[in-house]
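Enquirer:
Number of protein chains: 2
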Amino acid sequence: MPVNLQPAQPEHLFPVAGVDLGIAMAGVRKAGRKDVLLVRLAPGATVAGVFTQNRFCAAPVILCKKHLASGKAPRAMVVNTGNANAGTGDDGLKRALQVCEAVAAAVGCSSGEVLPFSTGVIMEPLPADRIIAGLPAAKADLRAANWASAAEAIMTTDTVSKAASRKVQVGGRTVTVTGIAKGSGMIHPDMATMLGFVATDAAVPAGVLQELLQEVADESFNSITVDGDTSTNDSFMLVATGASGVKVDGKAAAGYAELRSAVREVSIQLAQAIIRDGEGATKFITVKVEGGRDRAECRKIGFAIAHSPLVKTAFFASDPNLGRILAAIGYAGVADLDTSRVDLYLGDVLVAAQGGRNPAYREDAGNAVMQQPEITVRVVLNRGTASATLWTCDFSFEYVKINAEYRT
Amino acid sequence: MPVNLQPAQPEHLFPVAGVDLGIAMAGVRKAGRKDVLLVRLAPGATVAGVFTQNRFCAAPVILCKKHLASGKAPRAMVVNTGNANAGTGDDGLKRALQVCEAVAAAVGCSSGEVLPFSTGVIMEPLPADRIIAGLPAAKADLRAANWASAAEAIMTTDTVSKAASRKVQVGGRTVTVTGIAKGSGMIHPDMATMLGFVATDAAVPAGVLQELLQEVADESFNSITVDGDTSTNDSFMLVATGASGVKVDGKAAAGYAELRSAVREVSIQLAQAIIRDGEGATKFITVKVEGGRDRAECRKIGFAIAHSPLVKTAFFASDPNLGRILAAIGYAGVADLDTSRVDLYLGDVLVAAQGGRNPAYREDAGNAVMQQPEITVRVVLNRGTASATLWTCDFSFEYVKINAEYRT
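Quick note, the sequences are listed as chains A and B, same order.
Heads up: the first sequence is residues 98 to 505, going by the working numbering.
Heads up: the second sequence is residues 98 to 505, going by the working numbering.
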């Protein structure tokens, strides 16, 4: 059951001129579900992407990077669920290319202008023929107002479709930013999340767009974890169609701050949605680590807390078993950490002060915070000014059930 | 339910002359259970220890290291369960010292010759008064033949007591090695396990003993994980009483190889017992990583597999969802890993070859291995000659239940 999360609503999602989306039921893994998404981009659109750092990166990720690096402006993206096309070797690359070629024929471009994405089971052959057979239906469905349906088409173990949208004013003109994402398990993005697609109608040169994307990815998709497993298929894409007529051609340009802020808000909302719908999640947990020497050590400690099965099961039980959080801070790998300076807050409650239990702490106060569906853990290291915020969920019976039964 | 593991049997455990063990029910956390162990060492015994690398190391660990470093030969060890005395600051150190002083008075030595150990809930004040009140009963119970009872006294969430024993012949004389351990959750030892005590009646100088212990720890307690959480209280101690009259005073000495082998066997058996009784475990899993450049990268990859909740839930479900293992290999942090050279075996079945699914692999063969209670995963990196073996268990509903309800 997702934590405070509603499915994507068409009426809340602003279309982005220059981006059309079409959906098909291609029976990739199971019949009767939306499982192929075709995205057509208007000529002149720029695209930026960040991808998984997993050494076993999937065939579509390899192809995506290659096509982006070619310098050609992408004209289409194609996404299938049900099969990740990862751990499939050269045969997987061939199949991904076959899909690109079929998409190219359908939308009228070259296969190098098509970016492929896959998500689902790892190490099984991609049924390229079924995906290709679904393309005519997806093409017939292409519409700018299709974001909510697109969000549904990319779901796997997600229980709720995920989308976010913003409008910002730049010099009297309106710029739109709309995005979708999927992901629920195998979530510990390293450069990007499972699949995230954000588009804007601003005009942004590819280099500027790529830099903006990397900054935003770090604060959004790279700051979440469900289970610490970095997927083979993580991809986070940002498209700028330019259809609004608003040009944002550098960091110093008018409108850059507004655009960055809108992209950041949409991306954080999508990343948080993945956590709210984390496999088996019953709690949405924000981990803030402050007073560190640098952001890297704050993130190390934050992720140690967020990955600990002991901490996560305590949250599931609404049990303020806070010693487990101290233990995680202690083994996070910050070798010279002086624990006698560490403070720990649960919500607003000071639980541990100077590395030991706060004498004034009463378990009732901790219990009251633990009953909430949304909880903030705050660690103050008192050794510098850096900080990091990340988001995770608890670890429930349901997580085990979902992942024990995933392929059945 | 532990995997192929029987409780410690008194008749299988050889006493070690020079080591007497006494047990008490002190009501540290709950009434009516053995929760204090007193160990008296004969004069002249040498002791070596390795301890947790967790920065939040517990008060007894701090004191233990200090007493060992003083150069005095320890005369007693005292262990309580029910309370870890970790995350307790200066007050925790005071209470641990009070217990040492009481033990010193009971056995007739100085407090600096007593080594304290605690295990249980973190960040709660140690009830030193109750432990001290239990010491007379423990003292009255001191016997050399008490190893099985001692193994019971140090259990927390363990469902089965853990002990192992060997006799080896050295130059016509018999040397005994006997040990006990506890641990079931918060298991990812980093230098040592939760609590492990091994004793021998060989005579070994403290420096030699310490080196032997560190080597053996690396291959036993430092090669297991249940949940990836490194405890605040990990301690692994090796005692040599010399009572057998057999002197082993260096690596080149007669009997060193035999003694090392016996200590290693006892330690690995104890470490494996912890995994067989891992919280909620239904499967005992051996992870072998071979063909690496060095042992460190083999361990990195092995632990990435052993820590992945997705891999562990798949084992629980007996589902050969092997793509999850490839994904874990890929994100383990070996940056220059060439995945196209990686082979993966499940038992004797070649599942993935050269980084992709083995075309000859049939799911039936994987399923047959997965039904077994003991499973070996073998990863061949094909880039060197180093290897590492480690042991873990699966991730079940029961794990979540145990840890959600731990303090209730």
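From the three backbone atoms N, C-alpha and C, an ideal C-beta is built for every residue, glycine too.
A quick note: this is a predicted structure, and the numbers were derived from the prediction, not measured.
#1: Please report whether the beta-carbon of P157(B) lies at a distance below 8 angstroms from any beta-carbon of chain A.
#2: Which same chain residues, not among the five before or five after G427(B), have their C-beta less than 8 angstroms away from its C-beta?
#3: Give the secondary structure of M288(B) by DSSP, where H, G and I count as helix, E and B as strand, and everything else as coil.
#4: Roughly how many whole angstroms lie between the Cα atoms of G339(B) and G347(B)?
#5: What residues in its chain sit with their C-beta under 6 angstroms from that of L232(B), if we drop five residues either side in the sequence?
#6: In the segment 377 to 394 of chain B, which residues sit with their C-beta less than 7 angstroms from some C-beta in chain A, listed in chain order?
#7: Looking at the unbroken beta strand (DSSP E) that takes in Q266(B), where does it start and where does it end?
#8: Please report the distance separating the alpha-carbon of A449(A) from that of Y442(A).
#9: In chain order, what residues of the same chain lie with their CB nearer than 6 angstroms to the CB of M283(B), ignoring the 5 residues before and after it?
#10: How big is the Cα-Cα spacing for M288(B) and N319(B)?
#11: Taking only three categories from DSSP, how would you classify K54(B)?
#12: Determine, using beta carbons only, whether V158(B) and A314(B) come nearer to each other than 8 angstroms.
#13: Just curious, the beta strand (DSSP E) that Y458(A) is in, first and last residue?
#14: Given that D324(B) touches chain A, what residues does it touch there, using C-beta distances under 7 angstroms?
#15: The alpha helix (DSSP H) that contains D518(B), what's its start and end?
#16: What number of angstroms, rounded off, separates the C-alpha of V96(A) from the C-alpha of F413(B)?
#17: For V218(B), does the three-state DSSP call read helix, strand or coil?
#18: Where does the unbroken beta strand (DSSP E) through L110(B) begin, and where does it stop?
#19: Does the Cβ of K380(A) have 16 or more other Cβ atoms within 10 Å, making it buried, or fewer, making it exposed?
#20: For R480(A), would you say it is in contact with chain B, using Cβ-to-Cβ distances shorter than 8 angstroms as the test?
#21: Determine the chain B residues that contact G129(A) at a beta-carbon separation under 9 angstroms, and present them in chain order.
#22: For M98(A), tell me which candidate among P112(A), A170(A), W244(A), T254(A) has the shortest Cα-Cα distance.
#23: Let me see if you follow: with CB-CB separation under 8 angstroms, is R475(A) close to chain B or not?
#24: Along the segment 167 to 193 of chain A, what residues have a CB closer than 9 angstroms to any CB found in chain B?
#25: Within the chosen definition, does the segment 116 to 123 of chain A reach the segment 236 to 248 of chain A through at least 3 CB pairs nearer than 8 angstroms?
#26: K236(B) by DSSP, collapsed to three states: which one?
#27: Do V345(B) and A299(B) have their C-beta atoms closer together than 8 angstroms?
#28: Whole angstroms is fine: what's the gap from V211(A)'s alpha carbon to K162(A)'s?
#29: Indicate whether the contact test is met: 3 or more Cβ pairs, each with one atom in the segment 476 to 494 of chain B and one in the segment 386 to 400 of chain B, closer than 8 angstroms.
#30: Shortest alpha-carbon distance to I371(A) belongs to which of H164(A), A248(A), L190(A), R475(A)?
#31: Is C490(A) closer than 8 angstroms to V218(A) when the C-beta atoms are compared?
#32: Starting from the beta carbon of Q451(B), find every residue of chain A whose beta carbon is closer than 7 angstroms, and list them in chain order.
#33: Give me the Cα-Cα distance between L407(B) and V477(B), rounded to the nearest whole angstrom.
#34: I'd like to know if N319(A) contacts chain B, where contact means its C-beta is closer than 8 angstroms to some C-beta of that chain.
#35: Mind the definition here: the segment 449 to 462 of chain A touches the segment 356 to 371 of chain A only if three or more C-beta pairs lie below 8 angstroms; say whether that holds.
#36: Rounded to a whole number of angstroms, what is the C-alpha to C-alpha distance between Q307(A) and Y353(A)?
Expert: In short:
#1: As a position in the second sequence, residue 157(B) is number 60, starting the count at 1. No, no contact with chain A.
#2: Within the second sequence, numbered from 1, the residue matching residue 427(B) stands at position 330. Excluding sequence neighbours, G427(B) sits near L434, T436.
#3: Here residue 288(B) corresponds to residue number 191 of the second sequence, with the count starting at 1. Model confidence at M288(B) stands at a pLDDT of 49, short of 50, so the residue's coordinates are unreliable; what they give is reported in the following sentence. Reduced to three states, the DSSP call for M288(B) is coil.
#4: Mapped onto the second sequence, residue 339(B) falls at position 242. Mapped onto the second sequence, residue 347(B) falls at position 250. Near 14 angstroms, if we compare the C-alpha coordinates of G347(B) and G339(B).
#5: Counting from one through the second sequence, the residue named residue 232(B) turns up at place 135. A199, A203, listed in sequence order.
#6: none
#7: Against the second sequence, residue 266(B) aligns to sequence position 169. Counting along the chain, the beta strand (DSSP E) containing Q266(B) begins and ends at 259 to 267.
#8: Your numbering for residue 449(A) matches position 352 in the first sequence. Your numbering for residue 442(A) matches position 345 in the first sequence. About 7 angstroms.
#9: What you label residue 283(B) is simply residue 186 of the second sequence in a count that begins at 1. Answer for M283(B): D326, S328, listed in chain order.
#10: Looking up residue 288(B) in the second sequence gives position 191. Looking up residue 319(B) in the second sequence gives position 222. Any reading at M288(B) must be qualified, since the residue scores a pLDDT of 49, below 50, and its modelled position is unreliable; the value itself is stated next. Distance between the alpha carbons of M288(B) and N319(B) is about 6 angstroms.
#11: With chain B running from 98 to 505 in the structure shown, residue 54(B) is simply not present.
#12: Taking the first residue of the second sequence as 1, we reach residue 158(B) at position 61. Taking the first residue of the second sequence as 1, we reach residue 314(B) at position 217. Taking 8 angstroms as the Cβ cut-off, V158(B) and A314(B) do not qualify as a contacting pair.
#13: Counting from 1 along the first sequence, the entry for residue 458(A) is found at position 361. Neither: Y458(A) is in no beta strand (DSSP E) and is coded neither H nor E.
#14: Against the second sequence, residue 324(B) aligns to sequence position 227. Within chain A, the residues near D324(B) are P406, L407.
#15: Summary: the structure shown does not reach residue 518(B), with chain B confined to residues 98 through 505, and so no result is reported for it.
#16: Examination of residue 96(A) is not possible in this model, given that chain A is present from 98 through 505 alone.
#17: Position 121 of the second sequence, counted from the first residue, corresponds to residue 218(B). DSSP places V218(B) in strand when its eight states are reduced to three.
#18: As a first step, residue 110(B) must be located in the second sequence, where it is residue number 13. From DSSP, L110(B) is part of no beta strand (DSSP E); its letter is neither H nor E.
#19: As a working note, residue 380(A) is residue 283 in the first sequence. Burial call: buried.
#20: Looking up residue 480(A) in the first sequence gives position 383. Answer no: the Cβ-Cβ gap between R480(A) and chain B never drops below 8 angstroms.
#21: Taking the first residue of the first sequence as 1, we reach residue 129(A) at position 32. Correct list: empty, because the minimum Cβ distance to chain B is about 24 angstroms.
#22: Here the question's residue 98(A) lines up with position 1 in the first sequence. Cα-wise, what sits closest to M98(A) is T254(A).
#23: As a working note, residue 475(A) is residue 378 in the first sequence. It does not: the Cβ of R475(A) has no partner Cβ on chain B nearer than 8 angstroms.
#24: A181, A183, G184, T185, G186, D187, D188, G189
#25: yes
#26: Numbered from its first residue, the second sequence carries residue 236(B) at position 139. If DSSP states are grouped into helix, strand and coil, K236(B) belongs with the helices.
#27: Translated into positions along the second sequence, residue 345(B) becomes position 248. Translated into positions along the second sequence, residue 299(B) becomes position 202. Yes, they are a contact pair.
#28: Within the first sequence, numbered from 1, the residue matching residue 211(A) stands at position 114. Within the first sequence, numbered from 1, the residue matching residue 162(A) stands at position 65. Roughly 11 angstroms between the two C-alpha positions.
#29: yes
#30: Here the question's residue 371(A) lines up with position 274 in the first sequence. Ranking H164(A), A248(A), L190(A), R475(A) by Cα distance to I371(A) puts A248(A) first.
#31: As a first step, residue 218(A) must be located in the first sequence, where it is residue number 121. As a first step, residue 490(A) must be located in the first sequence, where it is residue number 393. Against a cut-off of 8 angstroms, the Cβ pair of C490(A) and V218(A) comes out as no contact.
#32: Indexing the second sequence from 1 puts residue 451(B) at position 354. By Cβ distance, chain A contributes G186.
#33: On the second sequence, residue 407(B) is found 310 positions in, with the first residue counted as 1. On the second sequence, residue 477(B) is found 380 positions in, with the first residue counted as 1. Taking the straight line from one Cα to the other gives about 21 angstroms.
#34: Taking the first sequence and counting its residues from 1, the one referred to as residue 319(A) is at position 222. Chain B contact via Cβ: absent.
#35: no
#36: Counting from one through the first sequence, the residue named residue 307(A) turns up at place 210. Counting from one through the first sequence, the residue named residue 353(A) turns up at place 256. Taking the straight line from one Cα to the other gives about 13 angstroms.
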